[in-house]
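Let me begin by presenting the structure, written as structure tokens, before commenting on it.
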Amino acid sequence: MTLEIDTPQPSRQGSRWEVLRVFSKLGVTSFGGPIAHLGYFRDELVQRRKWLDDDEYGDLVALSQFLPGPASSQVGFGLGLFRAGPLGAIAAFIAFTLPSAALMVAFAYGAPLFQGTVGSGILTGLKIVAVAIVAQAVWGMARSLTPDPTRATIAVVAAASTLLLTGSVGQIGAIVIGAIAGLFLCRGSTAPVSAMVRFPVARVAGIISLLLFAVLLLGLPVLAATTKWEPLALFDTFYRAGAFVFGGGHVVLPLLQGGLVDTGWVTSDQFLAGYGAAQAVPGPLFTFAAYLGTLSTVGPGGITGAVIALGAVFLPGFLLLTGVLPFWNDFRSRPWAQALMRGANAAVVGILAAALYDPVFTTAITGAGPFVLALICFVLLIAWRMPAWAVVLVGAGGGIMLSLAS
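Going letter by letter, the sequence shown gives residues 2 to 407 in the numbering used here.
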């Protein structure tokens, strides 16, 4: 058998050290969430360094939006792969992820120090900010992913499924049902297809990646239940969360909530405080997993728990990206595939809307004062377009004021 390997043109090749250097800069300066990250990548790598052109970059972004997983991290992984092969992909991931992961682990260790009026006020403010951040995500995603009655209905059904069925069963079931509904009900006009950028991934490597993704997804729950080994249970929970995240980093919130809060591995207060803090750091939102792995009462906890959680939550997205790259050009042109994804993306809006209600709103909004602060933060995000990290500071200050007034 001859391996089919798509290699970039020699003029497009670079070293893994170049990739590490460039993404280290992006890892400490890329504030604002996944959409903002894509803008940073385009400015630095398409316009300034000309690693690839706009059409090629747009195609990689489209693929990452199509697949489950952290879209901006998948794009970064793909850019490193395109520039310097597999080692370049690993370098891009480490450099872009490590700064925010380290900050989230530090926050997990420092959270117990937030005692007294000021400390508890800051944590209260972070939980309230999470309400505004998730509401903004629901608002933006609903406008783009549920623009017609059919997809809006799919979103409502998904929200109901998530709220009425406990744990991750309702969330995963909502995505599956949404995809099936989309297959039959969302066959609209086919989107135009551009030329495909070439990546150094063999078809055999793609098949192996897809098989490994499926084996882990199906085998980890069985193995974890059989062995009762806590680190494996922790890995399984984060792997399944990463495998079913469609539509951006915010969607990981309900999946992780079902796997960690509902099971008692972390408290709801810990969960929401960490989620609020994650908005104030650069890099991917998925590094929230490092915070949760550090605090989890199941598994080793500490830095080891953070490493397990981080590796597990990012792995499925990277396996899928590597697996689909050799076949994407043909698959994405099929109308049924586009319809399936329309339905799945609509379901994602419903899942996130359910998470906005429980646990985000029900935990953080305990009276008129917190509700007013959440409204202020929401308006600053939506109308004044303030960056998320700045709104986090406003929320923390407002939380201190509420704590002093109580």
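For every residue, glycine included, the Cβ atom is placed at its ideal position computed from N, Cα and C.
Subject >> For Ala242 and Leu254, the rounded distance between their alpha carbons >> reply: 9 Å
Original post:
Considering only the beta carbon of each residue, do Ala307 and Val106 sit closer than 8 Å?
Top reply: yes
Subject >> For Leu184 and Thr151, the rounded distance between their alpha carbons >> reply: 12 Å
Subject >> DSSP state of Phe115 mapped onto helix, strand, coil >> reply: coil
Subject >> Assigned exposure category for Trp230 - 16 Cβ within 10 Å defines buried >> reply: exposed
**OP:** Name the residue from Leu39, Ala291, Arg84 and Val252 whose alpha carbon lies nearest to the alpha carbon of Val139.
**Re:** Val252
Original post:
Mind checking whether Ala389 and Gln271 have CB atoms under 8 Å apart?
Top reply: no
Original post:
Can you find at least 3 beta carbon pairs, one from the region 362 to 373 and one from the region 170 to 182, that sit closer than 8 Å?
Top reply: no
Original post:
Going by C-alpha distance, which of Ala356, Tyr276 and Ala384 is nearest Gly34?
Top reply: Tyr276
Original post:
Looking only at its own chain, which residues have a Cβ that is under 8 Å from the Cβ of Met2, when we skip the five neighbours before and after it?
Top reply: In this prediction, Met2 has a pLDDT of 38, which is less than 50 and means its spatial position is unreliable; what the coordinates show is noted afterwards. Excluding residues within five positions, the ones whose Cβ falls inside 8 Å are Val205.
**OP:** For the region 160 to 235, list the alpha helix (DSSP H) runs that are entirely contained and at least 4 residues long, ordered along the chain.
**Re:** 168 to 186 and 204 to 228
**OP:** Measure the CB-CB distance between Ile401 and Val158 and report whether it falls below 8 Å.
**Re:** no
**OP:** For Arg343, count neighbouring Cβ atoms within 10 angstroms of its own Cβ and tell me buried if that reaches 16, exposed if not.
**Re:** buried
Original post:
Beta carbon of Ala175, beta carbon of Thr163: below 8 Å?
Top reply: yes
Subject >> Residue from Met142, Thr295, Leu273 and Phe319 whose Cα sits closest to the Cα of Ala215 >> reply: Phe319
Original post:
How would you write the range of the alpha helix (DSSP H) that Ala389 sits in, first residue to last?
Top reply: Ala389 to Ala406
Original post:
When the Cα atoms are used, what is the spatial distance from Ser404 to Pro301?
Top reply: 34 Å
Original post:
For Trp329, which residues from the same chain have a beta carbon less than 6 Å from its beta carbon, with the 5 sequence-adjacent residues on both sides left out?
Top reply: Leu64
Original post:
Which stretch, first to last residue, makes up the alpha helix (DSSP H) that contains Phe319?
Top reply: Gly303 to Val325
Original post:
What separation, rounded to the nearest whole angstrom, lies between the Cα atoms of Cys187 and Phe245?
Top reply: 21 Å
Original post:
Which residue from Tyr110, Gly81 and Phe108 puts its Cα closest to that of Phe97?
Top reply: Gly81
Original post:
Skipping 5 residues on each side, what residues in its chain have a beta carbon closer than 7 Å to that of Pro11?
Top reply: Low confidence applies here, because Pro11 scores a pLDDT of 36, under 50, leaving its location unreliable; read the following figure in that light. There are no such residues.
Original post:
Which value, in whole angstroms, describes the spacing of the CA atoms of Leu217 and Val135?
Top reply: 30 Å
**OP:** With a cut-off of 8 Å on the beta carbons, I'd call Leu273 and Pro360 a contact; round off their distance for me.
**Re:** 7 Å
Original post:
Helix or strand or just coil, what does DSSP make of Arg335?
Top reply: coil
Original post:
Is Gln14 helix, strand or coil by DSSP?
Top reply: coil
**OP:** State the CB to CB distance for the pair Leu416 and Asn346, rounded to an integer number of angstroms; the pair is presumed to be in contact (CB under 8 Å).
**Re:** Lying outside 2 to 407, the shown extent of the chain, residue 416 is not represented and no answer is given.
Subject >> Ala384 classed as buried or exposed, judged by whether at least 16 other C-beta atoms fall within 10 angstroms >> reply: exposed
Original post:
How big is the Cα-Cα spacing for Gln258 and Phe289?
Top reply: 12 Å
Subject >> Delimiting residues of the alpha helix (DSSP H) encompassing Tyr276 >> reply: Ser269 to Ala279
Original post:
Where does the unbroken alpha helix (DSSP H) through Pro255 begin, and where does it stop?
Top reply: Val253 to Leu257
**OP:** Output the distance between the C-alpha atoms of Leu321 and Gly77, rounded to the nearest integer angstrom.
**Re:** 14 Å
Subject >> Residues of its chain near Phe287, where Cβ-Cβ distance is below 7 Å and the 5 sequence neighbours each way are ignored >> reply: Pro71, Ser74, Gly250, Val253, Val314 and Phe315
**OP:** Could you check the C-alpha separation between Val267 and Ala291 for me, to the nearest Å?
**Re:** 13 Å
Subject >> Beta-carbon spacing of Phe372, Ala133 below 8 Å >> reply: no
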